[in-house]
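Working notes, beginning with the structure itself.
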Ligand code: 2BA
């Protein structure tokens, strides 16, 4: 068994949850925040059989778009001049996916 951690854009989270659930997967949604942009994103926990991992990845990649985001300058937060004094554009997503081995899973 595997545990998939998938970090997706908030704008894609509803459709990803619906699609995975529709396809028979059990998912848990966590509200999370990216450390770099400091904006909200969604982390899914999906426990599934080893041979279903690729199917989960396909569903996630189907519904997660790549986006450009502006990382605002620190000057805009009143922190003065720093290395980040000019806004920079970064490409975000579609999704960052980690696959972990699961030793045991029980519903007690
Ligand atoms: P954030 O940390 O807010 O990062 C947003 C985007 O900013 C990243 O997009 C990447 O394009 C850029 N970025 C992140 N850290 C950077 C840095 N130190 N220098 C320059 N640019 C940087 P994604 O790679 O698509 O990541 C989207 C979100 O996924 C991240 O939000 C974070 O919440 C999560 N994530 C991505 N990789 C991760 C990892 N290795 N471990 C844990 N979380 C990760």
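Numbering (the working numbering), first residue to last: 13 to 120.
We put the beta carbon where it would ideally sit given N, CA and C, even for glycine.
Is residue i near ligand 1 - that is, is its Cβ less than 6 Å away from at least one heavy atom of it?
i, result
"residue 49", "yes"
"residue 19", "yes"
"residue 98", "no"
"residue 22", "no"
"residue 108", "yes"
"residue 105", "yes"
Can you tell me whether residue i is buried or exposed? The criterion is at least 16 other CB atoms within 10 Å of its CB, across all chains shown.
i, result
"residue 76", "buried"
"residue 120", "exposed"
"residue 114", "exposed"
"residue 22", "exposed"
"residue 25", "buried"
"residue 52", "exposed"
"residue 71", "buried"
"residue 56", "buried"
"residue 106", "buried"
"residue 32", "buried"
Cutting at 7 Å between CB atoms, please list the residues of its own chain near residue i, excluding the five before and the five after it.
i, result
"residue 37", "58, 60, 68"
"residue 27", "75"
Which residues in the same chain as residue i place their Cβ atom closer than 6 Å to its Cβ, once the five residues preceding and following it in sequence are excluded?
i, result
"residue 93", "With a pLDDT of 47 at residue 93, under the threshold of 50, the modelled position of that residue is not reliable, and the figure given next carries that caveat. Counting only Cβ-Cβ distances below 6 Å, and skipping sequence neighbours, we find nothing."
"residue 98", "85"
"residue 46", "53"
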